[in-house]
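Position 27 of the sequence shown, counting from 1, maps to 27 under UniProt numbering, and the rest follow consecutively.
In what follows, a structure is listed as C-alpha cells, so that the remarks can point back to it.
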Amino acid sequence: MNKRRWAAIGIAVILLILSGISSAISSKKDEKKELSQVNELLYGTNEVQEKIEEAGSNNKKIVKLVVEGAIIDDGTSGLFSTGGYNHESFMKQLAKIRNDSKVKGILLEINSPGGSVYETAEITRALKELQASKKIPIYASMESQAASGGYYIAANSDKIYATEDTMTGSIGVIMSSMNYSGLMEKLGISDTTIKSGALKDIGSSSRPQTEEDKKVLQAFVDSMYGRFVKTVAEGRDMKEADVRKLADGRIYDGTQAVENGLVDTLGYPDQALKALKKDKKLSDAKVVSYTSGSTNFMNTWLGNSLAEFQGIKPSQEELVRNIVESVGTPQAPKAMYLYGGE
Numbered sequence: 001m002n003k004r005r006w007a008a009i010g011i012a013v014i015l016l017i018l019s020g021i022s023s024a025i026s027s028k029k030d031e032k033k034e035l036s037q038v039n040e041l042l043y044g045t046n047e048v049q050e051k052i053e054e055a056g057s058n059n060k061k062i063v064k065l066v067v068e069g070a071i072i073d074d075g076t077s078g079l080f081s082t083g084g085y086n087h088e089s090f091m092k093q094l095a096k097i098r099n100d101s102k103v104k105g106i107l108l109e110i111n112s113p114g115g116s117v118y119e120t121a122e123i124t125r126a127l128k129e130l131q132a133s134k135k136i137p138i139y140a141s142m143e144s145q146a147a148s149g150g151y152y153i154a155a156n157s158d159k160i161y162a163t164e165d166t167m168t169g170s171i172g173v174i175m176s177s178m179n180y181s182g183l184m185e186k187l188g189i190s191d192t193t194i195k196s197g198a199l200k201d202i203g204s205s206s207r208p209q210t211e212e213d214k215k216v217l218q219a220f221v222d223s224m225y226g227r228f229v230k231t232v233a234e235g236r237d238m239k240e241a242d243v244r245k246l247a248d249g250r251i252y253d254g255t256q257a258v259e260n261g262l263v264d265t266l267g268y269p270d271q272a273l274k275a276l277k278k279d280k281k282l283s284d285a286k287v288v289s290y291t292s293g294s295t296n297f298m299n300t301w302l303g304n305s306l307a308e309f310q311g312i313k314p315s316q317e318e319l320v321r322n323i324v325e326s327v328g329t330p331q332a333p334k335a336m337y338l339y340g341g342e
C-alpha cells in the first residue's frame with residue numbers, strides 16, 4: 001500500500017473520530033455549549049485578535065485597517081473568509097476600536113475597486129463616528145487601486161495618500177444589466193409575467209425597457225450618486241459643483257488625483273504611517289492589526305472540509321450564491337459603487 005492510500009485512510013479515520021465526537025456531544029444536555037467549545041478548539045474563535053506590527057507604548061495604539069478586494073458581504077464570517085475582504089470581520093474591527101480607549105490613530109490601507117452601496121456606506125458611517133466621537137485621526141493610504149467605493153470610504157479621512165500609479169476616482173454609481181428580449185422574440189419565446197403595476201418588474205431582462213423604466217432607474221441611480229458627491233465634497237472640503245466636474249466616472253492616477261484635490265499627497269503606506277505618527281505626536285505608539293483567531297487546523301484542507309460537513313462553513317455553492325445576491329443578477333441588477341461594474 002503506497003503513501004497516498006495510507007494518507008487517505010488516515011484522513012478518513014480522523015473524520016470518523018471527529019464526527020463521532022460531535023455526535024456524542026450533541027446527545028448531551030448542554031449539546032450546543034459543548035459543541036461550540038469543541039468547534040472553538042478545532043477551528044479557533046471568530047473574535048477579532050490583535051497582532052503587534054510594531055512595538056511601542058502600551059497606552060497608545062495605531063491600528064492598521066486593511067480593505068483588500070471588492071467591498072461586498074459574501075455571507076462568511078472572519079474565521080471562514082475566503083481571503084479577500086470580509087465585511088463582518090471588518091465591522092467587528094471597527095467596533096473593537098470604538099471600545100478601546102488606547103487607540104489614538106488609524107491607518108486605513110485600501111486596495112479595492114469598490115463594491116456594494118450599502119456596505120460602503122456602512123463603513124463610511126462607522127469611520128466618521130470614530131472621528132467625531134473618539135477624536136481618532138484617520139490617514140488613508142491607497143495602494144494599487146481605490147476606485148469608486150474604495151475612494152468613497154477614504155474621502156473623509158484626515159489625510160489621503162496615493163502612489164503615482166494608484167488607480168482611483170471612478171466616482172459614481174453603476175447598475176449593470178442586459179436585455180435579451182429581442183433574442184426571445186426571434187426564438188418565439190414570450191414574457192408572460194403577471195404583475196400588479198407597470199413597474200413591478202422594472203429592470204427585467206426578458207421584456208423591452210420602456211422610457212418610464214429608464215426614467216425611474218436613472219432617478220434611483222442619481223439619488224445614490226448625489227450622496228456619493230456629497231460625501232466627497234464634505235470630506236475634501238470642496239463645493240459639490242466642483243466635485244461633479246470630476247465625478248463623471250473617469251479614473252485618475254495618483255498624480256492626477258492630487259492635482260484635482262482628491263488626494264493630499266503622494267506616498268506609500270509606510271510613508272503615510274510615518275506622517276501619522278509625526279503629525280499626531282504618536283512616534284512612540286504601538287502599531288497593531290487585527291486577525292481572526294483561527295487555528296492551524298482551520299487552515300488545512302481537512303479543517304475546511306470538516307467545517308463544511310458540519311454546516312458551520314458555507315459550501316462553494318452557497319458562497320457563489322451569496323456573492324451573486326450581493327452584486328445582483330441580469331434579472332435583478334443592483335446599484336454599485338464599483339469600478340467597471342462587471
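Where a beta carbon is used, it is the ideal one built from N, C-alpha and C, also for glycine.
Rounded distance between the beta-carbons of residue j and residue i, thought under 8 Å
{"i": "Gly169", "j": "Leu94", "result": "With a Cβ gap of about 25 Å, Gly169 and Leu94 do not count as contacting."}
{"i": "residue 347", "j": "Tyr161", "result": "In the structure displayed, the chain extends from 1 to 342; residue 347 sits before or after that span and is not available."}
{"i": "Phe228", "j": "Gly172", "result": "7 Å"}
{"i": "Gln131", "j": "Ile123", "result": "Contact flag wrong, Cβ pair sits at about 13 Å."}
{"i": "Met175", "j": "Ala126", "result": "With 8 Å as the limit, Met175 and Ala126 do not qualify as a contact, their Cβ atoms being about 25 Å apart."}
{"i": "Leu199", "j": "Asp222", "result": "Not quite, the Cβ-Cβ distance comes to about 17 Å (not below 8 Å), so this is no contact."}
Of the listed residues the options, nearest to residue i (C-alpha basis)
{"i": "Pro333", "options": "Lys239, Gly254, Lys286 and Met178", "result": "Met178"}
{"i": "Asp253", "options": "Tyr151, Glu50, Ile202 and Thr210", "result": "Tyr151"}
{"i": "Ala140", "options": "Asp248, Leu282, Met336 and Pro269", "result": "Pro269"}
{"i": "Ile251", "options": "Thr166, Ile153 and Asp74", "result": "Thr166"}
{"i": "Met224", "options": "Arg98, Lys245, Leu282 and Met336", "result": "Met336"}
{"i": "Ile97", "options": "Leu217, Lys135 and Asn111", "result": "Lys135"}
{"i": "Ala121", "options": "Asp74, Leu217, Ile153 and Lys215", "result": "Ile153"}
{"i": "Glu143", "options": "Asn111, Ser89 and Gln271", "result": "Asn111"}
{"i": "Gln209", "options": "Asp222, Lys186, Ser181 and Lys195", "result": "Ser181"}
{"i": "Thr255", "options": "Asp248, Gly267, Gly249 and Ala247", "result": "Gly267"}
{"i": "Asp74", "options": "Leu65, Lys64, Val66 and Ser89", "result": "Ser89"}
{"i": "Glu164", "options": "Val258, Lys281 and Leu187", "result": "Val258"}
Cut-off 7 Å between Cβ atoms - residues of its own chain near residue i, not counting five sequence neighbours on either side
{"i": "Pro113", "result": "Ala70, Gln145, Ala147, Ser148, Gly150, Leu338, Tyr339 and Gly340"}
{"i": "residue 345", "result": "No information on residue 345 is available, as it lies outside the stretch 1 to 342 that the chain covers here."}
{"i": "residue 351", "result": "Residue 351 falls outside the range modelled here, since the chain spans only 1 to 342, and no answer is possible."}
{"i": "Val216", "result": "Leu199 and Ile202"}
{"i": "Leu282", "result": "Lys60, Ile62, Lys104, Gly105 and Leu276"}
Proximal residues to residue i (C-beta, below 8 Å), its chain only, five neighbours per side dropped
{"i": "Ala285", "result": "Gly56, Ser57, Lys60, Lys61, Ile62, Lys104, Gly105 and Lys277"}
{"i": "Thr193", "result": "Asp201, Ser204, Ser206 and Arg207"}
{"i": "Val320", "result": "Confidence at Val320 is low in this model, with a pLDDT of 49, below 50, so its placement is unreliable and no value can be given for it."}
{"i": "Val236", "result": "With the sequence shown as reference, residue 236 is identified as Arg, and Val is not the correct amino acid for it. So the list reads Ala155, Val243, Gly261 and Leu262, once near-sequence residues are dropped."}
{"i": "Lys280", "result": "Lys104, Gly105 and Pro137"}
{"i": "Met184", "result": "Ser190, Asp191 and Ser206"}
Chain-order list of residues whose beta-carbon lies under 6 Å from that of residue i (same chain, five-residue window excluded)
{"i": "Lys128", "result": "Asn156"}
{"i": "Ser190", "result": "none"}
{"i": "Val66", "result": "Glu109"}
{"i": "Leu246", "result": "Asn260"}
In DSSP terms, what residue i is bridged to
{"i": "Leu338", "result": "Gly114"}
{"i": "Ser144", "result": "DSSP lists no partner for Ser144."}
{"i": "Ala105", "result": "Residue identity differs from the one stated: residue 105 is Gly in this sequence, not Ala. Gly105 pairs with Ile62."}
{"i": "Thr163", "result": "BP columns for Thr163 are empty, so no partner."}
{"i": "Ser292", "result": "Val48"}
{"i": "Thr168", "result": "Ala146 and Tyr252"}
{"i": "Leu266", "result": "Ala162"}
{"i": "Val216", "result": "Beta-bridge pairing links Val216 to no other residue."}
{"i": "Ile71", "result": "Gly115"}
Point to revise | At least three beta-carbon pairs within less than 8 Å, the segment 100-112 to the segment 272-279 | key: Because the criterion of three Cβ pairs below 8 Å is met, the segment 100-112 and the segment 272-279 touch.
Review point. Can we say the segment 283-293 touches the segment 48-55, given the rule of at least three CB pairs closer than 8 Å?
Key: yes
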